[in-house]
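Novice:
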Amino acid sequence: MRLPSDVFGPVACCHGLLRIALALAAARWVWDQFLAFGSVMENYRI
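Letter by letter, the sequence shown follows residues 2 to 47 of this note's numbering.
(1) I need the straight-line Cα distance from Ala-26 to Gln-34, nearest angstrom please.
(2) Could you tell me the distance, in whole angstroms, from the CA atom of Ser-40 to the CA atom of Arg-46?
(3) Rounded to a whole number of angstroms, what is the C-alpha to C-alpha distance between Val-12 and Ala-24?
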């Protein structure tokens, strides 16, 4: 099944933005876990 370029263009753009948003969300989640782990380590150190 072939899509016309005027349909495929916006779809590809939205798909790329979605992948970027998912990557940013994953990076943010990893960063939050890292900060939480660091704060726990600080509490144990004191």
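We put the CB at the ideal spot given by N, CA and C, even for glycine.
Specialist: Reading off the structure:
(1) In the sequence shown, the residue the question calls residue 26 occupies position 25. In the sequence shown, the residue the question calls residue 34 occupies position 33. Across the structure, Ala-26 and Gln-34 are spaced so that their CA atoms are roughly 12 angstroms apart.
(2) Walking along the sequence shown from the start, residue 40 turns up at place 39. Walking along the sequence shown from the start, residue 46 turns up at place 45. Just so you know, the alpha carbons of Ser-40 and Arg-46 end up roughly 10 angstroms apart.
(3) For this step, residue 12 is matched to residue 11 along the sequence shown. For this step, residue 24 is matched to residue 23 along the sequence shown. Going from the Cα of Val-12 to the Cα of Ala-24 covers about 18 angstroms.
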